[in-house]
Amino acid sequence: PARYFDTKTTEPISFFLSGLEELLAWQPNSNDDFNVSAVPLAKRQPPLHSRRPRTLVCHDMRGGYLEDRFIQGSATRNPYVFYHWRYIDIFVYFSHHTVTIPPVVWTNAAHRNSVPVLGTFITEWTDGEKMCEAFLAGGEEAYGAVAEQLARIAQHYRFDGWLVNIENKLSAAAVGNLPAFLRDLTARVHSAVPGGLVIWYDSVLKDGTLRWQNELNDENRVFFDACDGLFTNYNWKEEQLERTRGLAGPRHTDIYVGVDVFARGDVIGGGFDTDKSLRLIRQYGLSAAIFAPGWVYEHLGKENFLQNENRFWGSLAEYLPTHSICTLPLSTSFSLGMGTSTFLDGKDVESGPWYDLSAQDIQPLYPEQQGRLSTSCCLQEAWRGGSSLRLQGTIPPGEERVAVRLFSLQMPAPPKLFLTLLYKLEGPRPDDFTVALEVTTWDSGICLEGNPTSLPEPNGRHHPRFLPAPPPGLAKLLAACHRGSHGWTSRCYELELQDCSLRDLSVIVSCQQPSLQETSFTCLLGEVRVLDTDSVAASPPQVHSVTASQLWWQ
726 PARYFDTKTT
736 EPISFFLSGL
746 EELLAWQPNS
756 NDDFNVSAVP
766 LAKRQPPLHS
776 RRPRTLVCHD
786 MRGGYLEDRF
796 IQGSATRNPY
806 VFYHWRYIDI
816 FVYFSHHTVT
826 IPPVVWTNAA
836 HRNSVPVLGT
846 FITEWTDGEK
856 MCEAFLAGGE
866 EAYGAVAEQL
876 ARIAQHYRFD
886 GWLVNIENKL
896 SAAAVGNLPA
906 FLRDLTARVH
916 SAVPGGLVIW
926 YDSVLKDGTL
936 RWQNELNDEN
946 RVFFDACDGL
956 FTNYNWKEEQ
966 LERTRGLAGP
976 RHTDIYVGVD
986 VFARGDVIGG
996 GFDTDKSLRL
1006 IRQYGLSAAI
1016 FAPGWVYEHL
1026 GKENFLQNEN
1036 RFWGSLAEYL
1046 PTHSICTLPL
1056 STSFSLGMGT
1066 STFLDGKDVE
1076 SGPWYDLSAQ
1086 DIQPLYPEQQ
1096 GRLSTSCCLQ
1106 EAWRGGSSLR
1116 LQGTIPPGEE
1126 RVAVRLFSLQ
1136 MPAPPKLFLT
1146 LLYKLEGPRP
1156 DDFTVALEVT
1166 TWDSGICLEG
1176 NPTSLPEPNG
1186 RHHPRFLPAP
1196 PPGLAKLLAA
1206 CHRGSHGWTS
1216 RCYELELQDC
1226 SLRDLSVIVS
1236 CQQPSLQETS
1246 FTCLLGEVRV
1256 LDTDSVAASP
1266 PQVHSVTASQ
1276 LWWQ
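Sequential numbering from 726 applies to the sequence shown in the working numbering.
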């Protein structure tokens, strides 16, 4: 069927639903299997519902379902990717189709990086008015059927809820039932999807007129009260933030103040001035909804996209609270889910562009210090996948080392950790530098390293012990300890901790001889792993009853 498979290539594709009939007729189907997310939502700290301002990204690009619709990837040159997952809390896939089911590749990438994904339910123009009349004015049975289908769809495809966007005027009967529909949808989504969310877009008012308010007020509050959050329109002024904060009370972090990166209409700042909008939003303790950050790709072009993308998100970083990893194992080769080649064990095994967000790895922080350090993606060389992480920076005169924080962690440390690192130093004198991992723990009087007689490290900094070879039981898994290849250096470490809580994982670049001049370095990271020794040594559970379907032999 054309809905599920590309008519030219027969490859499985992601799809949307148009109109009320398609939504109500939807049933799970055996052709659906490719569209079900295979990656559960990773846990994070602090949890999404903690009381700190959140950041939502609403992805709207040229109507949606572009190359990202190919579930098994495509040979796309210079595709759009998003990888600053540590800095955002919710990802919305937006299009103007009635029911936007997020392409599964986005759900997989976001979930691997602890970010929930919402689809969009939208009605607009005259058709939207007719549709709302049909299901809202129709009463409890009619709107209940729509709520039930939307909750089932999110549950079936394993994404996390809906942005609801009613952009047309409503009759008195329809708007009268709208709050009840939102409450019903929210309750059904919460029960069908653990951690599910329903967010309302600031559009229709309680009397049914379509008039964007750019704030929470008495005209639209009834809809905010009926669901998990309000996404405001973009043309707000500071006094509206102030009023919104007052009216929202303890739910102020459930207000997502809209920021259009394309800066359409009368806005505070978009493009590379988006930070001006965020600064004001955060002054009032509100959450932010960054709309169409694909501006970087669409407006500035594909050629220097990765460079411009790092500049854009780097300019916002101080206003974006990050979330920490709280489960092990942590293993990443930093792949973006795209490349100009495919690498395996440091070797370019297949030249040619590829794009598959499902193959994106866990993404690190991307720290920037003006003039001192930059973190970016390198497509020219990688250990595995399509890219490595490039650290470029300088070690100041007289200093020996620089620390680059890759991941923030928040979890109890297991008694024993194994860590592995693959790196490659670039530049004229790679032998002048050493590269190692550092683990920091949260300050606590009881945290000890190694055996009980050792003293606590100052500032909770731990330098794992270098292992020349992996322990016998782990030799197969940690084969990387022996061999770097194709110019990559491989390192294996062990760290024993007692009563500690993990805080950060950093890479330390040191110069062998401190210099009176500033020393520049470039280091590529190919892979980092942090493993809990006990769970790695335990034999994995046996897998039973494997079935294969939808096979296509060529």
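Backbone N, C-alpha and C fix where the C-beta goes; we use that ideal spot for every residue, glycine too.
How about G994 and W1020: are their beta carbons less than 8 Å apart? Position 269 of the sequence shown, counted from the start, is the residue given in the question as residue 994. Position 295 of the sequence shown, counted from the start, is the residue given in the question as residue 1020. Against a cut-off of 8 Å, the Cβ pair of W1020 and G994 comes out as no contact.
So, is F948 buried or exposed, given that buried needs 16 or more other C-beta atoms within 10 angstroms? Within the sequence shown, the letter at position 223 stands for residue 948. That one is buried.
For M1136, which beta-bridge partners are listed by DSSP? What you label residue 1136 is simply residue 411 of the sequence shown in a count that begins at 1. M1136 pairs with L1227.
Specify whether the segment 1159 to 1166 and the segment 1185 to 1193 touch according to this definition: at least 3 beta carbon pairs, one from each stretch, less than 8 Å apart. At 8 Å Cβ cutoff, the stretches touch.
Ends of the alpha helix (DSSP H) at I738? In the sequence shown, the residue the question calls residue 738 occupies position 13. Unbroken run through I738: none, as it is neither H nor E.
With DSSP run on the structure shown, which of helix, strand or coil describes N1100? Along the sequence shown, read from residue 1 onward, the residue named residue 1100 stands at position 375. Going by the sequence as given, residue 1100 is Thr instead of Asn. In this structure, T1100 counts as strand in the three-state DSSP scheme.
In the DSSP assignment, what residue or residues form a beta bridge with G844? Along the sequence shown, read from residue 1 onward, the residue named residue 844 stands at position 119. G844 is bridged to W887.
Give every residue of the same chain whose Cβ lies closer than 8 Å to the Cβ of D1073, excluding the five residues on either side of it in the sequence, and list them in chain order. What you label residue 1073 is simply residue 348 of the sequence shown in a count that begins at 1. S1066, T1067.
Quick one, which of L1131, P737, I1006 has its alpha-carbon nearest N939's? What you label residue 939 is simply residue 214 of the sequence shown in a count that begins at 1. Among L1131, P737, I1006, the Cα nearest to that of N939 belongs to I1006.
Under the three-state DSSP convention, the category P1078 falls into: The residue labelled residue 1078 in the question sits at position 353 within the sequence shown. Strand at P1078.
Please confirm whether W1167 and S1226 have their CB atoms less than 8 Å apart. Within the sequence shown, the letter at position 442 stands for residue 1167. Within the sequence shown, the letter at position 501 stands for residue 1226. Cβ atoms of W1167 and S1226: closer than 8 Å.
Going by DSSP, what residues sit across from Q1094 in a beta bridge? For this step, residue 1094 is matched to residue 369 along the sequence shown. In DSSP, Q1094 forms a bridge with L1098.
Among P1239, I1120, P1196, E1106, the one whose alpha carbon lies nearest that of T1145: Position 420 of the sequence shown, counted from the first residue, corresponds to residue 1145. For T1145, the nearest C-alpha among the options comes from P1196.
Could you name the residues that DSSP lists as bridge partners for D757? Stepping through the sequence shown from its first residue, residue 757 is reached at position 32. DSSP lists no partner for D757.
For V782, the residue or residues it bridges with in DSSP: Residue numbering aside, residue 782 sits at position 57 when the sequence shown is read from its first letter. Per DSSP, F816, I1015.
Quick check on the burial criterion: 16 or more other C-beta atoms within 10 angstroms. Buried or exposed for S1056? In the sequence shown, the residue the question calls residue 1056 occupies position 331. It is exposed - the Cβ of S1056 has fewer than 16 other Cβ atoms within 10 Å.
Backbone secondary structure at Y808 - three-state DSSP: Here residue 808 corresponds to residue number 83 of the sequence shown, with the count starting at 1. It is coil, neither helix nor strand.
Own chain, CB closer than 8 Å to I796, minus 5 neighbours either side, in chain order: As a working mapping, residue 796 is identified with position 71 in the sequence shown. For I796, where only same-chain residues beyond five positions count, the Cβ hits under 8 Å are E736, P737, I738, S739, F759, N760, P828, V829, V830, S1083.
Work out the CA separation of S1112 and V764 for me, nearest whole Å. Mapped onto the sequence shown, residue 764 falls at position 39. Mapped onto the sequence shown, residue 1112 falls at position 387. Distance between the alpha carbons of V764 and S1112: 21 Å.
Do the CB positions of P845 and N893 come within less than 8 Å of each other? As a first step, residue 845 must be located in the sequence shown, where it is residue number 120. As a first step, residue 893 must be located in the sequence shown, where it is residue number 168. According to the sequence as given, residue 845 is Thr; it is not Pro. Taking 8 Å as the Cβ cut-off, T845 and N893 do not qualify as a contacting pair.
Determine the DSSP secondary structure at S1112, reduced to helix, strand or coil. Counting from one through the sequence shown, the residue named residue 1112 turns up at place 387. DSSP places S1112 in coil when its eight states are reduced to three.
8 Å contact criterion, which N958 and D927 should meet: CB distance rounded: Residue mapping note: residue 958 aligns to position 233 of the sequence shown, counting from 1. Residue mapping note: residue 927 aligns to position 202 of the sequence shown, counting from 1. Right, their Cβ atoms sit about 5 Å apart.
Reduced DSSP secondary structure (H/G/I, E/B, other) of W831: In the sequence shown, the residue the question calls residue 831 occupies position 106. Note: W831 maps to helix in three-state DSSP.
Could you give the residue range of the alpha helix (DSSP H) that holds E858? The residue given as residue 858 occupies position 133 in the sequence shown. Unbroken alpha helix (DSSP H) run through E858: 850 to 860.
With DSSP run on the structure shown, which of helix, strand or coil describes E1243? Counted from its first residue, the sequence shown places residue 1243 at position 518. Coil at E1243, not helix or strand.
Cβ neighbours of P1152 in the same chain (closer than 8 Å, five flanking residues each side left out): As a working note, residue 1152 is residue 427 in the sequence shown. Reading the sequence as shown, one finds Gly at residue 1152 and not Pro. Once the five neighbours on either side are set aside, the close Cβ partners of G1152 are S1245, F1246, T1247.
Nearest-angstrom beta carbon gap, D1086 and I1171 [assumed within contact, 8 Å]: As a first step, residue 1171 must be located in the sequence shown, where it is residue number 446. As a first step, residue 1086 must be located in the sequence shown, where it is residue number 361. Actually they do not touch by this definition, with Cβ atoms about 34 Å apart.
Tell me, which residues are paired with A1161 by DSSP? Numbered from its first residue, the sequence shown carries residue 1161 at position 436. Note: A1161 sits in a beta bridge opposite I1233.
Can you tell me whether T1178 is buried or exposed, with buried defined as 16 or more other CB within 10 angstroms of its CB? Numbered from 1 along the sequence shown, position 453 holds the residue referred to as residue 1178. Summary for T1178: the model assigns pLDDT 48, below 50, so the residue's position carries little reliability; its value from the coordinates is reported in the next sentence. Per the 10 Å Cβ criterion, exposed.
Beta-carbon separation of L895 and G933 under 8 Å? Position 170 of the sequence shown, counted from the first residue, corresponds to residue 895. Position 208 of the sequence shown, counted from the first residue, corresponds to residue 933. In contact: L895 and G933 (Cβ atoms closer than 8 Å).
Short Cβ contact (8 Å threshold) for R776 with T1047: One-based indexing of the sequence shown puts residue 776 at position 51. One-based indexing of the sequence shown puts residue 1047 at position 322. Not a contact, by the Cβ cut-off of 8 Å.
As a quick exercise: from E1252, Y805, R769, pick the residue whose alpha carbon is nearest that of E1106. Locating residue 1106 in the sequence shown gives position 381, counting from the first residue. Here the closest residue by C-alpha is E1252.
H821 by DSSP, collapsed to three states: which one? The sequence position of residue 821 within the sequence shown is 96, counting from 1. Residue state, collapsed to three classes: coil.
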